[in-house]
C-alpha cells in the first residue's frame, strides 16, 4: 500500500458499547512520517478509534501495533511507554481551566521530568511562539482566550513534548474559515518540521486537502476506502464521492432517529 | 416485563455499581500510594475541604449545641435530671451529631463541587488530556481528593465538637441557670476519650465516603451539562444516604465501648 513502514498498524479492530457496534473490524496503516486523515460522518467511530489507539478505551478485539508494540491488552508501564510517543490536540482544546496557559503548555513536560519554573516558562513561550502566539499569552487563563487561541494553545501543548506521533481530533471544527486555515497551516508545518507521523479525524474537506497525505474513509466501523489524497476525487467509490461532495442522496443513508 | 426479572436486573445492576465503585477506590488508592505524589494537589484539596468548610460546619455545630442544650433541658427537667444537660450535649455531639452533621454539610459543599468539577473535566476531555500528558488521573485528581477528605473531616469534626459544646455552654449559662464552672465541670467529668475517638473515626469514614462519591460520580458523568448536573445530584444523595447507613454500622461496631 505504501513505501514507508507502518508507524501504527491496526488489524481487525472491534469495539462495542453495549449493543452498539462502533468499530467492526477496522484495518488501517499509518505510514511513518506521513499524515493520514480519517474521514467519515458523525458517529462512525472516529473518536473511538483515536481513544483505542491511546489505550484510553480498551478495544474488544483486534490488534493495534505502534512501532511493533501491541496496545490492545497492554497495561500499566507498557501502555505508559507507548503513550510517551503521542501528542494529541483535542476537539475543544481540553485545556485545564484551573491553570494558566504556560502551565498548560508545559504540563506534559513537567510530568516527565523535573524542571524549574523559569525553565518551564521558557519552554512554554518557545512553544507558544511555534503556534504564532506572543509571550504575553502565557499568563492568561484558558477562559480568557478565544476558541481559535485555545486550539493553538492546545496545539502548543501537544507539540511541547516533541512526540513522534500527533493526533488531531477535528482540529478545525467550530472555527471560522480563516482561523481554520491558520490551524491547518500550523498542523502541516509543525508536523513536517518535527518529522512526526500524524493521524487526524475530521469531516472538514478543506482541512483534508490541506493536511492529508493519505485519506481513509470510515463507514459502519470499517475503512471502506484508503488512498492518496490526490486520488480522492477519482476514487471510483460512491461512498467517498457522496461524502466529499456533501450530497444528501447516495449510498450513505443518514438515520432519521 | 416480568416483575421478578425486573427486581433481579435491578439487583444485578446494584451489585455491579458497588463493584465498580470499590474497584475505582482501590485503583485510586493503590496508584496514589505508589506515587508519583502531587503535594500541591493534596494541599489544595486539604485547604478546600478543611479550611473553607469551617464556616458552614461551625455554624451547624454552634446551633446544634444550642438546641441540644435547650431540648435536653426540657426533657430531663421532667424527671429532675437537669444537671445531665452538659453531659448529654457533649456526648451526643462527639459521638453522633458532630460527625454526621459535618459529613452531611461537607457532602453538600465539597462532594457536589467535586462531582461538578470532575464531570466538567470529563465532558470537555480534560481527563483524557491528562492521560495523553503522562499523568494518571487517578493519581493526580482522585487520590488527593480522597486523602484530603479522609484527613480533614476528623479535624473539622474536632473543631465542630468544641464549637458545639460552646453553643451548649452559652445557652446553659445564659438561659438555663448553670454556672460556667459547673457546666464545664459537668462536660468534662463524664466525657471519655472513647467518645471523641469514635466520633473521629466516623468522621474519617464519612470524609472518604463524601469524596469518593463526588469523584466517582463526576468521573463517570456523560453527556454534557445535563450529565454533569445529574452526577452532582447523585454525588450528594448517595453520599448522604451512605453516611447515615455507615453511621449505624459504625455505631453498632463501637456500641459496647
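Residue numbers (the working numbering), protein chains in the order written: chain Y, 1 to 257; chain H, 1001 to 1257.
For glycine and all other residues, C-beta sits at the position ideal for the given N, C-alpha and C.
Every value quoted in this text rests on a predicted model; they were computed, and no experiment measured them.
Status (buried if at least 16 other CB within 10 Å, exposed otherwise) for residue i
i: residue 1117/H; result: buried
i: residue 1/Y; result: Interpretation of residue 1/Y is limited by its pLDDT of 47, a score under 50 that renders its predicted location unreliable; no figure is taken from the coordinates.
i: residue 1015/H; result: exposed
i: residue 1128/H; result: buried
i: residue 1002/H; result: exposed
i: residue 1241/H; result: exposed
i: residue 1175/H; result: exposed
i: residue 1145/H; result: buried
i: residue 1147/H; result: buried
i: residue 1004/H; result: exposed
i: residue 248/Y; result: exposed
i: residue 1101/H; result: buried
i: residue 1186/H; result: buried
i: residue 171/Y; result: buried
i: residue 1195/H; result: buried
i: residue 1013/H; result: exposed
i: residue 142/Y; result: buried
i: residue 1079/H; result: exposed
i: residue 1074/H; result: exposed
i: residue 251/Y; result: exposed
i: residue 1150/H; result: buried
i: residue 1040/H; result: exposed
i: residue 243/Y; result: buried
Pair within 8 Å by beta-carbon distance, residue i and residue j
i: residue 1139/H; j: residue 1032/H; result: yes
i: residue 1099/H; j: residue 1239/H; result: no
i: residue 1046/H; j: residue 1235/H; result: no
i: residue 182/Y; j: residue 156/Y; result: no
i: residue 57/Y; j: residue 48/Y; result: yes
i: residue 28/Y; j: residue 39/Y; result: no
i: residue 205/Y; j: residue 162/Y; result: no
i: residue 187/Y; j: residue 168/Y; result: yes
i: residue 42/Y; j: residue 191/Y; result: no
i: residue 1050/H; j: residue 1158/H; result: no
i: residue 1251/H; j: residue 1112/H; result: no
i: residue 1018/H; j: residue 1216/H; result: no
i: residue 1085/H; j: residue 1214/H; result: no
i: residue 1053/H; j: residue 1119/H; result: no
Supposed close pair residue i, residue j - CB separation, criterion 8 Å
i: residue 1103/H; j: residue 1210/H; result: 6 Å
i: residue 101/Y; j: residue 137/Y; result: 6 Å
i: residue 8/Y; j: residue 53/Y; result: 6 Å
i: residue 1227/H; j: residue 1056/H; result: That belief does not hold up - the Cβ atoms of residue 1227/H and residue 1056/H are roughly 27 Å apart, past 8 Å.
i: residue 55/Y; j: residue 222/Y; result: So it is not a contact: roughly 21 Å between Cβ atoms.
i: residue 147/Y; j: residue 1125/H; result: No, residue 147/Y and residue 1125/H are not in contact; Cβ-Cβ is about 15 Å, not under 8 Å.
The segment 1124–1141 of chain H / the segment 82–101 of chain Y touching (three or more Cβ pairs under 8 Å): Judged by Cβ distances under 8 Å, the segment 1124–1141 of chain H makes contact with the segment 82–101 of chain Y, as three or more pairs qualify.
Stretch pair the segment 1182–1195 of chain H + the segment 1076–1092 of chain H: three plus CB contacts closer than 8 Å: The way I'd put it, the segment 1182–1195 of chain H does touch the segment 1076–1092 of chain H; three or more beta-carbon pairs between them come closer than 8 Å.
Contact residues within the segment 105–116 of chain Y, judged by C-beta distance below 7 Å to chain H: Residues passing the 7 Å Cβ filter: 107, 108, 111 and 112.
Members of the segment 1031–1045 of chain H near chain Y, C-beta cut-off 7 Å: Here the close residues number zero.
The segment 55–89 of chain Y: positions lying closer than 9 Å to chain H by Cβ: Correct list: 55, 56, 80, 83, 84, 86, 87 and 88.
Stretch pair the segment 1024–1039 of chain H + the segment 1141–1154 of chain H: three plus CB contacts closer than 8 Å: The segment 1024–1039 of chain H is in contact with the segment 1141–1154 of chain H.
Residues of the segment 1118–1144 of chain H with Cβ closer than 7 Å to any Cβ of chain Y, in chain order: So the list reads 1124, 1125, 1126, 1128, 1129, 1131, 1132, 1133, 1134 and 1135, given in the order they occur along the chain.
Stretch pair the segment 169–176 of chain Y + the segment 20–31 of chain Y: three plus CB contacts closer than 8 Å: With a cut-off of 8 Å on Cβ pairs, the segment 169–176 of chain Y is not in contact with the segment 20–31 of chain Y, counting fewer than three such pairs.
At least 3 beta-carbon pairs within less than 8 Å: the segment 205–213 of chain Y vs the segment 57–66 of chain Y: Taking a contact to require three or more Cβ pairs closer than 8 Å, the segment 205–213 of chain Y and the segment 57–66 of chain Y do not qualify as touching.
Three-pair Cβ contact test at 8 Å for the segment 89–108 of chain Y versus the segment 64–75 of chain Y: In this structure the segment 89–108 of chain Y does not touch the segment 64–75 of chain Y; the number of beta carbon pairs closer than 8 Å is below three.
At least three beta-carbon pairs within less than 8 Å, the segment 198–209 of chain Y to the segment 114–132 of chain Y: Proximity of the segment 198–209 of chain Y to the segment 114–132 of chain Y falls short of the contact definition, fewer than three beta-carbon pairs being nearer than 8 Å.
Against chain H: residues of the segment 147–159 of chain Y by CB proximity under 9 Å: Look at the segment 147–159 of chain Y: the residues with a C-beta under 9 Å from a C-beta of chain H are 154, 157 and 158.
Contact the segment 1157–1173 of chain H vs the segment 1064–1082 of chain H: 3+ CB pairs below 8 Å: Three or more Cβ pairs drawn from the segment 1157–1173 of chain H and the segment 1064–1082 of chain H lie within less than 8 Å of each other, which places the two stretches in contact.
Short-range partners of chain H found in the segment 92–105 of chain Y, where Cβ spacing is below 8 Å: Answer set for the segment 92–105 of chain Y: 92, 94, 95, 96 and 97.
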